[in-house]
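Before any comments, here is the structure.
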Amino acid sequence: MKNATLVSRVAAAVFGGYAATASGVMLLAALLPRVTPLAAADAVVLTAMCGFPAYLLTLLWSFSHSDLRRVWLVLGGITTVSALTVTALAVSGRAV
Amino acid sequence: MAEALLTMAGMAVYAGAALLALSQPAHWQASGGKDAPNRRQRLRLRSVGACLYAVAGVALFARDEIGFASLLCLLMAIAGTFATALTLALRPRLLTSLRGIAGSGMFNPSSTHRRSDTR
Amino acid sequence: MRTDFRDAMHRLHTGVGVTLGGLLLVIFWMGTLSVFDREIDRWMMPETRLSAPHATLSSFDNTVLPHVQHLAAPGTSWRVSLASARTPFHTLRYTDADGASVRRHIDPLRGELLDGPHTAGASGFFFPFHFSLHLGTAGYWIAGLAGMAMLVLIVSGVLIHRRLLADFFTFRPSRALPRASLDAHNLTGVIALPFHFMITLSGLVIFFAIYFPATWHGAYAETAAHPQQTFNLEAFGSWSRPAAHESVGNVASVDAMIAEARRLWGGPPADQVRGWHAGDAAGYIAVRRSFANEVRRNVDVVFFDAANGERLYRHTASTVVKVQRFLAGLHFLQFDHWPLRWLYFAAGLAGCVMIGSGLLFWLAARRRQSRANRAGLHVVTAIAVTTTSGLMNATLAFLVANKVLPVTLDGRAGTEMQVFFIAWAVMFAHALWRGARAWREQCALVAGLAIGAATLNWGMTGQHPIAALQSDMPAIAGVDLMLLALGFSAAAVTRRLSRNGAADG
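Residue numbers (this note's numbering), protein chains in the order written: chain G, 1 to 96; chain X, 1001 to 1119; chain A, 2001 to 2505.
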């Protein structure tokens, strides 16, 4: 039982955390050129650079938060919302 | 000139780190001091140490452009700290003379130590 | 700090440290060696031990261009890294008529092709090992995960350190192994903390495009058919145009292109000339600015038409990209600054000591516990030995093979690398067989191989450190002196380990 919890914790932190961070970065890169004067290339570089400290914080939180179920829910939620929003932006952009 | 500035900065960070270390009781005693430095002595050690770091910084920014100088400041501060730690581990008595910079610590109202009390 | 949070950080630090410590040590070791990769290259390639080039570079058209036109297959791309203070020769990379990638060195004064290269050298073996572990795409991701693990280790290490400032200068090497190794671990970890954090984060930032690859899809969703290409053009100036598929014989003066580029930049030298579509009417040449004089690894580049020398495109980085280039430059260390180079080398070694002493501490503390899993401990000990003394012996075996293997051997560069991996495997087997006694035996081997390698260099090229310094070859002297220093320190450690071993009975 304890090993399964550990595996789940590591999976949540490493893979769930990466998915949440990467999709969050992608969402920010999509939003910033639309709401600020920042160029698209600059937005990509800026958000990707920020992705590393963001992933670090996500890892630390995932490993220290007491409720493992909540960790999965939060990371899964961020990933889903970000991915859906980016897709919606892309689809609406092409439809224009 | 550049090498002179670098050497000066190196000596300054080593001495500065050593003074900061001496303000801690364990290292003060390791270098041969009695008891621990009192508040006035600690203040003196730390402020002179900080000044030495500032001197090193000025020398490095005079030597190089801002990017290189910042990197040099960071890495030389690390090197000075490391050199001090090794000195304390292997030859702590080398820092004996630096304790003099702390002064006698007299004229401090909170100090109850009087020279006439020691025999 | 809440106790359960500190406990979690403690378990995290120990867990990640024990699991990935060996891998991190390999990455840090290879990275530290890469600080002096060009100097080690000169040691490994005696034919490149030329004196430093003159400040005014000789004519590209006379020394390099004839070789490019002669060697590069039509329609392919080629690349020339110009001679610099640390690399006293031009490096030409091209694709030959059989489609193979070839690298040749060119004497910058006489324009002759140098013999070889008969080895990958440090820049071809240690450096790629550092960021991709010679495992292709998977290697980049494993190294990236290790980098993130390092950041986690650094932060968790600080959070669990109870007396950070009080212990700042504390190092007690004469105490028992668990205390001494923990002191060493804390010392090298805390004192050099800003360096370790900076070097790890900057290393990851270099490869942001690999580790966050989908980002441009978000930003360019509706405006570009090929988001990645558009991004590379806008951010890094990766300009291109397709081939015209008709040949043209001449190439315009590259010296004029370099002069024009330098004029546009306000004076700084060029460090690389690249050509695309060799011999084609639509061929083009890019001149890139040197990194030697500042931390930032700039992306200033000017593109010219190959046939008539007309300027096609010029790129400079935006402010945001300049930040990324500065961080990349912090890590790549391609600027000319020998005090900083030595300080980085020392800090890198401190990082290796930090990781190694952490592993040592864990093993020493574990061994004292009677309920420890002996079999598991034996394997972890073997891994620790393999990634410390074993790694050093494999590295030294690579350097010795460089001196010992005949120059005419087919596939010599690959054979040298095989020697490295075979030696490493032998070290692992030895560690599994001998257990904790392997430390002392492998340490003795380090001493022998290190001094042997320096002696071989002297024997085969006649350049011992003093002779090297006299003939203006500080790089050779530096490598030999470091080898000798490693050898004698390893001998001292071996003696100390023998005394301790005898004392334990």
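Just so you know, even glycine gets a beta-carbon here, dropped at the ideal spot from N, CA and C. No experiment lies behind these values; they were computed from the predicted model shown.
So which residues of chain A does residue i contact, with C-beta pairs closer than 8 Å?
i                 : result
Pro33 (chain G)   : Ala2219
Ala1089 (chain X) : Phe2171, Arg2172, Pro2173
Which first and last residues belong to the alpha helix (DSSP H) in which residue i is found?
i                 : result
Ala2166 (chain A) : Ala2166 (chain A) -> no alpha helix (DSSP H), and no H or E assigned at all.
Ala2292 (chain A) : No alpha helix (DSSP H) holds Ala2292 (chain A); DSSP gives it neither H nor E.
His2378 (chain A) : 2374-2385
Val2446 (chain A) : 2438-2461
Glu2039 (chain A) : 2037-2044
Met2427 (chain A) : 2412-2434
Ala1077 (chain X) : 1066-1090
Ser2202 (chain A) : 2193-2206
Pro2339 (chain A) : 2338-2368
Pro37 (chain G)   : It is not in any alpha helix (DSSP H) - Pro37 (chain G) carries neither H nor E in the DSSP assignment.
Asp2061 (chain A) : 2060-2063
Thr2230 (chain A) : 2227-2236
Ser5 (chain G)    : Note that residue 5 (chain G) is Thr in the sequence shown here, rather than Ser. Note, Thr5 (chain G): alpha helix (DSSP H), 2-11.
Val2254 (chain A) : 2254-2265
CA-CA distance, residue i and residue j?
i                 : j                 : result
Leu2399 (chain A) : Thr2230 (chain A) : 43 Å
Gly2351 (chain A) : Ala2214 (chain A) : 33 Å
Asn2500 (chain A) : Phe2036 (chain A) : 35 Å
Ala2192 (chain A) : Ser1097 (chain X) : 27 Å
Phe2420 (chain A) : Gly2136 (chain A) : 18 Å
Ala2243 (chain A) : Ala30 (chain G)   : 34 Å
Phe2304 (chain A) : Ala2282 (chain A) : 11 Å
Pro2194 (chain A) : Arg2311 (chain A) : 44 Å
Ala1059 (chain X) : Leu1074 (chain X) : 13 Å
Phe2028 (chain A) : Leu2391 (chain A) : 11 Å
Ile2106 (chain A) : Leu2483 (chain A) : 29 Å
Ala2401 (chain A) : Glu2416 (chain A) : 6 Å
Leu2486 (chain A) : Ala2447 (chain A) : 7 Å
Ala2146 (chain A) : Leu57 (chain G)   : 16 Å
Does DSSP put residue i in a helix, a strand or coil?
i                 : result
Arg2508 (chain A) : What the structure shows of chain A is the stretch from 2001 to 2505, and residue 2508 (chain A) is not part of that stretch, so it cannot be assessed.
Tyr2220 (chain A) : coil
Val2102 (chain A) : strand
Arg2093 (chain A) : strand
Leu2159 (chain A) : helix
Leu2113 (chain A) : strand
Ala1004 (chain X) : helix
Asp97 (chain G)   : Residue numbering for chain G in the displayed model covers 1 to 96; residue 97 (chain G) lies beyond these limits and cannot be assessed.
Trp2141 (chain A) : helix
Gly2136 (chain A) : helix
Pro2406 (chain A) : coil
Gly1036 (chain X) : The question names Gly, yet the displayed sequence has Ala at residue 1036 (chain X). Correct three-state label for Ala1036 (chain X): coil.
Arg1119 (chain X) : Note that Arg1119 (chain X) scores 46 on pLDDT, short of 50, meaning its location in the model is unreliable; the coordinates nonetheless yield the value given after this. In this structure, Arg1119 (chain X) counts as coil in the three-state DSSP scheme.
Gln2324 (chain A) : helix
Asn2298 (chain A) : coil
Ser23 (chain G)   : helix
Gln2470 (chain A) : helix
Ala2397 (chain A) : helix
Ser2389 (chain A) : helix
Phe2127 (chain A) : helix
Determine the extent of the beta strand (DSSP E) in which residue i is found, giving its start and end residues.
i                 : result
Asp2511 (chain A) : Since the first and last residues shown for chain A are 2001 and 2505, residue 2511 (chain A) lies out of range.
His1027 (chain X) : His1027 (chain X) -> not in any beta strand (DSSP E); alpha helix (DSSP H) instead, spanning 1025-1030.
Arg2274 (chain A) : 2270-2276
Trp2078 (chain A) : 2078-2081
Sort out for me which residues DSSP pairs residue i with in a bridge.
i                 : result
Tyr2313 (chain A) : A:Phe2303
Ser1097 (chain X) : Ser1097 (chain X) is not bridged to any residue.
Leu2284 (chain A) : Sequence inspection shows Tyr at residue 2284 (chain A); the Leu mentioned does not correspond to that position. Answer by DSSP bridge pairing, in chain order: A:Trp2276, A:Asp2305.
Ser2247 (chain A) : A:Asp2280
So which residues of chain A does residue i contact, with C-beta pairs closer than 9 Å?
i                 : result
Thr1084 (chain X) : Phe2169
Ala22 (chain G)   : Tyr2211, Phe2212, Pro2213, Ala2214, Thr2215
Any chance the CB of residue i is under 7 Å from a heavy atom of the ligand FAD?
i                 : result
Ala2072 (chain A) : As for the ligand FAD, it is missing from this structure, which has no ligand bound.
Can you list the residues of chain G that residue i reaches, using a CB-CB cut of under 7 Å?
i                 : result
Thr2215 (chain A) : Val25, Met26, Ala29, Val44, Thr47, Ala48
Under 8 Å Cβ-Cβ, which residues of chain G neighbour residue i?
i                 : result
Phe2231 (chain A) : Ala40, Ala41, Val44
Identify the contact partners of residue i in chain X, using a Cβ-Cβ distance below 8 Å as the criterion.
i                 : result
Pro2194 (chain A) : Leu1074, Ile1078
Val2295 (chain A) : Gly1067, Phe1068, Leu1071
Just to make sure I have the definition right: I need the residues of chain X whose C-beta is within less than 7 Å of the C-beta of residue i. Which are they?
i                 : result
Ala2347 (chain A) : Leu1075, Ile1078
Leu2187 (chain A) : Ala1085
Which chain X residues are close to residue i, counting only those with a beta carbon under 9 Å from its beta carbon?
i                 : result
Ala2166 (chain A) : Gln1024, Ala1026
Report the neighbours of residue i on chain A: residues whose CB is nearer than 7 Å to its CB, in chain order.
i               : result
Ser64 (chain G) : Phe2005, Ala2008, Met2009
Gly16 (chain G) : None at all; the shortest Cβ gap to chain A is about 14 Å.
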